[in-house]
Each structure stands twice: as structure tokens, then as C-alpha cells.
Amino acid sequence: MATVTIKDAVKTYPGNVQALHGISIEIEDGELIVMVGPSGCGKSTMLRMVAGLETVTSGDIHINGEWVNKKEPADRDIAMVFQNYALYPHMSVYQNMAYGLKNRKIPKDEIEQRVQDTAKILELEEFLKRKPKELSGGQRQRVAMGRAIVREPKVFLFDEPLSNLDAKLRVQMRLEIKRLQDRLGVTTIYVTHDQVEAMTLGHRLLLMNEGRVEQIGTPLEVYEKPQTLFVAGFIGSPSMNLIPVRLDPSGNQVILGESLPLPLNNFENIVNGDSSVTLGMRPEHLEACETENALMFLQVELLEKLGADTVVYGSLDQTDTALTVRLSGIHPVDTGDRLPVTITPEHLHIFDSDTGNRLN
Amino acid sequence: MIENRPTLNALTHVTLVIGIVIVIFPIYIAFVASTHEARDILMTVQGWFGTNFIENYSTVLEKGKASTGSISVALMMWNSLVMALGIVVGKISISILSAYAIVYFRFPFRMFFFWMIFVTLMLPVEVRILPTYEVVANLGLLNTYPGLVLPLIASATATFLFRQFFLTIPDELAEAARVDGAGPFRFFFDILLPLSRTNIAALFVILFIYGWNQYLWPLLVTTEQNMTTIVMGIQAMLYVPDDINEWNITMATAILAMLPPVLIIIVMQRQFVKGLVETEK
Ligand SMILES: Nc1ncnc2c1ncn2[C@@H]1O[C@H](COP(=O)(O)OP(=O)(O)O)[C@@H](O)[C@H]1O
Ligand SMILES: [Mg+2]
Numbered sequence: 012m013a014t015v016t017i018k019d020a021v022k023t024y025p026g027n028v029q030a031l032h033g034i035s036i037e038i039e040d041g042e043l044i045v046m047v048g049p050s051g052c053g054k055s056t057m058l059r060m061v062a063g064l065e066t067v068t069s070g071d072i073h074i075n076g077e078w079v080n081k082k083e084p085a086d087r088d089i090a091m092v093f094q095n096y097a098l099y100p101h102m103s104v105y106q107n108m109a110y111g112l113k114n115r116k117i118p119k120d121e122i123e124q125r126v127q128d129t130a131k132i133l134e135l136e137e138f139l140k141r142k143p144k145e146l147s148g149g150q151r152q153r154v155a156m157g158r159a160i161v162r163e164p165k166v167f168l169f170d171e172p173l174s175n176l177d178a179k180l181r182v183q184m185r186l187e188i189k190r191l192q193d194r195l196g197v198t199t200i201y202v203t204h205d206q207v208e209a210m211t212l213g214h215r216l217l218l219m220n221e222g223r224v225e226q227i228g229t230p231l232e233v234y235e236k237p238q239t240l241f242v243a244g245f246i247g248s249p250s251m252n253l254i255p256v257r258l259d260p261s262g263n264q265v266i267l268g269e270s271l272p273l274p275l276n277n278f279e280n281i282v283n284g285d286s287s288v289t290l291g292m293r294p295e296h297l298e299a300c301e302t303e304n305a306l307m308f309l310q311v312e313l314l315e316k317l318g319a320d321t322v323v324y325g326s327l328d329q330t331d332t333a334l335t336v337r338l339s340g341i342h343p344v345d346t347g348d349r350l351p352v353t354i355t356p357e358h359l360h361i362f363d364s365d366t367g368n369r370l371n
Numbered sequence: 023m024i025e026n027r028p029t030l031n032a033l034t035h036v037t038l039v040i041g042i043v044i045v046i047f048p049i050y051i052a053f054v055a056s057t058h059e060a061r062d063i064l065m066t067v068q069g070w071f072g073t074n075f076i077e078n079y080s081t082v083l084e085k086g087k088a089s090t091g092s093i094s095v096a097l098m099m100w101n102s103l104v105m106a107l108g109i110v111v112g113k114i115s116i117s118i119l120s121a122y123a124i125v126y127f128r129f130p131f132r133m134f135f136f137w138m139i140f141v142t143l144m145l146p147v148e149v150r151i152l153p154t155y156e157v158v159a160n161l162g163l164l165n166t167y168p169g170l171v172l173p174l175i176a177s178a179t180a181t182f183l184f185r186q187f188f189l190t191i192p193d194e195l196a197e198a199a200r201v202d203g204a205g206p207f208r209f210f211f212d213i214l215l216p217l218s219r220t221n222i223a224a225l226f227v228i229l230f231i232y233g234w235n236q237y238l239w240p241l242l243v244t245t246e247q248n249m250t251t252i253v254m255g256i257q258a259m260l261y262v263p264d265d266i267n268e269w270n271i272t273m274a275t276a277i278l279a280m281l282p283p284v285l286i287i288i289v290m291q292r293q294f295v296k297g298l299v300e301t302e303k
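First to last, the sequence lines map onto chains F and W. Quick note, my numbering runs 11 ahead of the 1-based positions in the first sequence. Quick note, my numbering runs 22 ahead of the 1-based positions in the second sequence.
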């Protein structure tokens, strides 16, 4: 049980590659934080710095109040699950799980007890004598988790642990990790590039882009009030419609393209110098409606009928601004149709086009 | 080959049989010769076994050949065995340790040391034999086992092979071990060494044969007859100034000289092939 505090963590790799530009977060005891962002944004680097596998260029990392920047990984009382599992190929499942305990000079019968208990939790009992290569991907994944759990560490670190699994297994293991973390209550940092994993697993998300924090918040906060354009585009599927518009000085409409006004209000208190902003609308918040209530019209170009939803791709009437709409259920709409759509004002997001920051 | 074409099958078999005959034939002649009396094979080549098998071989093992000072071949084989095993164990331990250092530790001039080792690949024993002799002589190691073994145990080839193998082991494995609390020694003995098992087996076979067949170096550093190795022994037996050459004795020695390498290969064959073709990961 522990807190983790990261303060202004900076990482510069040899050759002056700056991977992290000052990451800060306070992680509470028992919390599951998901670090999420596109490939190459520095997630693994941050995690490995917490693990002690990578030196800290500047900044401080505390685990349970203790400054650990200079500590060896083994002395930080953390356990890590690697993307490719990194199981010891020549050791049996039992030996893989016992190895960390053995190195800590824990008595043999206690090791036996703990490995058996962990194997029971993960349903690995019948595989204890097998070598990793005699296991399926999902089973190896479990062993990797077992190796972490059996150590009863202060902090779990996961680096994209599910990305080598097939889609179905991934969903299953995702639930299992969530359940385990709830049950064990161990502080966890989980790294992934998959926003669905992030949204479903995390108590809070830390969104990263190019070595910087974009936003820290609960999944719902991040979804409902993305603080930057990057977060707006990253979270949600299909991703948010982001349309460059101009704010009308009157404050009760925005102007799209040259002269297409959208009578939207709720923007009275937005002040923006040159009044060029980006309007964000989630596809699932746009609704089909009667022609007389329509805010805008969508020229339908492509349809994806998924059963539960119908995703409509098209462009706004008389412009070439692309727009995606997600209608729930099966909808009687066809390519070539002119679909009237509307949206409630509280679902609108306005961002400064230059800085990317949220304005409303 | 997935297809099943009878003519092709026959052809492959014929080719293989011819190959085997070519290899086996001289060995067969040598073995047959070693079972005859000396005068039966002086001017001719015998096609079938004689009756002196036990007599010849016990003579060889106990007394050797009179014309070369009657050192028993058993002693020669012992000398060769000690030398070969010394070379094998020395070469493997030194090279696996240097490869470990070069791959897993960051120290100043790491690449410089690697290239130094690599460059010595181009210098076989024969090139540096005179200075090496000088060093060994000054250390007082002439006519000793260490003198036979030490100068031969540095091995750039084996270091390079181990390095290449270590580079194929994912970094995460070393990191997992670090998180699991394994220091450099633990990591080496618990993880690296077991993973290198098949590579070690393959090198063991290759290096044993290399060590067993050493000729020039033992010839230089040994002057006492009881330090003679078997390859030197055979060479000496070929030269008989004015006497009847006992070819049966020479041939028996040759056959005996072949045995240990063959045995090693048979015993380690499985691991050897594995080590050459696959890396278990
Ligand atoms: N050992 C390294 N040396 C130099 N640059 C590195 C090293 N490891 C990672 N990087 C760089 O740091 C950045 C972040 O990498 P990483 O943390 O692995 O990203 P992520 O895990 O988010 O995909 C990348 O641009 C990558 O090229
Ligand atoms: Mg990564």
C-alpha cells in the first residue's frame, strides 16, 4: 500500500532526445492510474523511471513518501508486468513466480504457500510445472501477472500488458485486471495506448502527448470536459468532430467556413482575441431531428450499420467540412440523403485553435 | 522436400552412400591394418581383419612404440585429454564472461575492448607463436599443462558468438531479473548460463576437437617425453629411420586418437545440433 508522487520528471536520452518535459502527478494509495497517449509519447519512459530501470534526468519520484530516484528497482518494492511478459524461458511457471521471492531470501515453505495462493487466484494451478513456451498467450500473460502479484509489492507497474493478446482475450483480461486490482487494492500505474482500456480500467487517466501531460482526470471528466484539442481528439470513438469556426461578436452564433452560420448560443462568456476557435462535437451527441429543428444538414456519404449504432459519415451541407454522426440503433438513412441534425448546447466544446486549450 | 519422387529419393541415397564410403574407407583401412602383424602390412594393404587386435592395442596402450621411446599411448591420450579439456573449459569461461561484460555493462572504452577482441580473430596462434613461447618460457611453464593450455584459451570467436547470442536475449528479461532482485551474479548464473546451454554444448564439441588436434604448440612447449600429446605421438611414429616401420602400431594409435572426439560428438550430438540451429527463447 503506497502513494506515488512524481514531480517535474524530465528525461533526456543520450543524443539530446528529450522524451519527457516535466511530468507531475500525485497517485493515491490504492489508486489505478492509466497513462495513455499515442505511441512514442513517453509513457514507457515514465513507467520505467518509476520502476528504476531508467535514470531520472531531473525531477523527483517518491514512493510512499520515500525519495527513490537513486534506488535500485529491487529496493523500490515495485513489480512490473512487461509487454512481452519477459518470463524466464528455462524456468517453470512455479520457478518464474518464485524467483523474486527466492532472491529476497524468503523461507521455502512461505514461497510455496504464496505461489500456490497466487496460482489459485489466477487459475494457474495446473500449469505450475510447465515452461512458458508450453502456454498460450493468455496463460503467459497470467503468469506475468502472477509473478508481480506473488511479490505483494507496494506498486504494480503495467506496460501495455494486453497488447499481444487477441481482441476477445484482451477484453477478458482487462476485466480480470480490474477485478484483481479492486480486490488487492495495490496502487497501480498502467500504461496503454488504447483509449478503451484506459477508460474502462483507470480510476484516473493521465493523458500524455509528446512528453507532456495534457490532462489528468477521471474517465468521465476527460470525456466530458477535455481540456485540450489533443484530448478531445484522442478520447472517444469515433473521434470528436473538430471544426474550425469563427465566433460571431454577438456571441449567439458561430460561423463555419466563409459564411455558414450555426445558431449556437451558450458562448457569451468566451473571450478570444481573433475569435477563431475550434468547435468540438462528439458524433454520439449529434442527433437526427425534424427538418424545422435542424441546426445543420449532413450530406450523407458513407454508412456503417453496426446494429447497436449507425455511424454516418458525410459533409456539412454546402461545405466540404467532414462530419461524423453516431445514431443509436438502426436508422432509416441512406447515402445521398440530406440528414437534419442537432445538438444540445451543453455538449459543445470550444477550443482555442492556436493553443489548443479549452475555452468553455 | 515435400514431394515424394522415387528417382530423386534414390539419387539422394546414392549420393549419401558414396559420401559415407569416401569418408569411411580410409578409417576402415587403418582399422584393418591395426589388427595385423607388422610384416603382413609392410608392403601391401590388407582388405580384411587380422588376428592381432588385442595384442596390438594392448601393446600400444601400455608400451607405445619402441622407435619413439616407448611412451604409452594411454599417457599420450591422457595428456591430450587434459589439454583439450583445459582449452575447452578455459575458452568457454573466459569468452562467456567477456561477452557478458561487453553486452550487459556500460564501462569506459567498452567498444574499444570489443574491437580489440574482435581484431585478434585475425591473428591465429601461429602468428604470435614466438612471442608467446618467450612468455611461457619466462614464466617457467614449459613442459607443464598450464603451459600447454593457457596461451590457447583466449578466444575471439567464442566471445563473438556469445555476444551475438546475448544480443538476441530481450532486454526485458534482464530488467525483469533486476526487478526480481537478481544482481549481476544471480542474473548470470540463474538466467544467462542456463539459456546459453545449447550454445555452450556446440562450442564444447567444436573446441574439444580444436584442442585435441593441437599440434604445433604442444610440439614447441614440450620437450619431455611424458608430456607428449597423441597428435605429436602419431607424427613421431611416422618417422622411422632404418628399421621396419610397425604400421600396425601406428594405425592402432591413430584409431585410438580418433575415439575421444567421436565419443564427444556422439554424446553431445543432440545439444550440439540444437545449439547450431536454434536459439531457445
Ligand atoms: N533508449 C532510448 N534512447 C533514445 N531515445 C529513446 C530511448 N527509449 C525511448 N526513446 C525515445 O523516447 C520517446 C518515448 O519513448 P517511449 O517512452 O518508449 O514511448 P511510448 O512507450 O509512449 O510509446 C520516443 O520518441 C523514443 O524514440
Ligand atoms: Mg511503450
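We put the beta carbon where it would ideally sit given N, CA and C, even for glycine.
Item	Value
Cutoff 9 angstroms: W:Ile213 Cβ touching any chain F Cβ	yes
Enclosing alpha helix (DSSP H) for W:Met99 [first to last residue]	Val95 to Tyr126
Three-state secondary structure (DSSP) of W:Thr250	coil
Neighbouring residues (CB closer than 5 angstroms to any heavy atom of ligand 1)	F:Tyr24, F:Val28, F:Ala30, F:Ser50, F:Gly51, F:Cys52, F:Gly53, F:Lys54, F:Ser55 and F:Thr56
Collapsed DSSP secondary structure at W:Ile175 in the structure displayed	coil
Where F:Ile266 sits in the DSSP three-state scheme	strand
CA nearest to the CA of W:Ile124, picked from W:Pro283, W:Val157 and W:Arg185	W:Arg185
Partners in chain F for W:Ala224, counting only beta-carbon separations shorter than 7 angstroms	Ordered by position in chain F, no residue passes the 7 angstroms Cβ test against W:Ala224, which lies about 17 angstroms from the chain.
Chain W residues whose Cβ lies nearer than 8 angstroms to that of F:Val91	Before going on, a small fix: residue 91 of chain F reads as Met here, not Val. Residues of chain W passing the Cβ test: Glu197, Ala198 and Val201.
F:Pro118 at chain W interface by Cβ criterion, 9 angstroms	no
Contact test: F:Gln94 Cβ vs ligand 2 heavy atom, cutoff 8 angstroms	yes
Secondary structure of F:Ala90, DSSP reduced to three states	strand
Test item: CB-CB of W:Arg200 and F:Ala85 under 9 angstroms	yes
Distance between F:His360 and F:Asn175 (C-alpha atoms, nearest Å)	35 angstroms
Cutoff 9 angstroms: F:Val15 Cβ touching any chain W Cβ	no
C-beta neighbour in chain F for W:Ala204, strict 9 angstroms	yes
Distance CB(F:Ile36)-CB(F:Leu290) smaller than 9 angstroms	no
Own chain partners of F:Pro237 with C-beta closer than 6 angstroms, once the 5 adjacent residues on each side are dropped	Ala243
Euclidean distance between Cα positions of F:Gln234 and F:Ser248	For the sequence presented, residue 234 of chain F should be read as Tyr rather than Gln. Computed Cα separation, rounded: 11 angstroms.
Cβ contact (3+ pairs, closer than 8 angstroms) linking the segment 127-142 of chain F and the segment 156-164 of chain F	yes
Bridge partner(s) assigned by DSSP for F:Phe167	F:Ala90 and F:Thr199
Three-way DSSP call (helix, strand, coil) for F:Glu39 in this model	coil
Option nearest W:Arg150 by Cα separation, candidates W:Pro173, W:Thr275 and W:Thr179	W:Pro173
Which of helix, strand or coil DSSP assigns to W:Trp70	coil
W:Arg27, buried or exposed, once every other Cβ within 10 Å from all chains shown has been counted against 16	exposed
Distance CB(W:Leu170)-CB(W:Asn235) smaller than 9 angstroms	no
W:Lys303 to F:Gln152 span [Cα, whole Å]	The predicted model places W:Lys303 with a pLDDT of 43, which falls under 50 and marks its position as unreliable, so this point remains unresolved.
Heavy atom of ligand 2 within 8 angstroms of F:Glu171 beta-carbon	yes
Any non-hydrogen atom of ligand 2 within 8 angstroms of F:Val202 CB	yes
Proximity test, Cβ basis, 9 angstroms: W:Glu268 and chain F	no
Buried versus exposed, by CB contacts within 10 Å (16 or more), F:Arg190	exposed
W:Glu59 beta carbon near ligand 4 (any heavy atom closer than 8 angstroms)	Among the ligands in the structure shown, ligand 4 does not appear; only ligand 1 and ligand 2 can be found there.
Segment contact flag, the segment 72-90 of chain W with the segment 145-159 of chain W, C-beta cutoff 8 angstroms, min 3 pairs	no
Interface flag, F:Tyr110 vs chain W, CB-CB below 9 angstroms	yes
Sub-9 angstroms separation of W:Phe73 and W:Thr57 beta-carbons	Correcting the residue identity first, residue 73 of chain W is Thr in this sequence and not Phe. Result yes, Cβ atoms of W:Thr73 and W:Thr57 sit closer than 9 angstroms.
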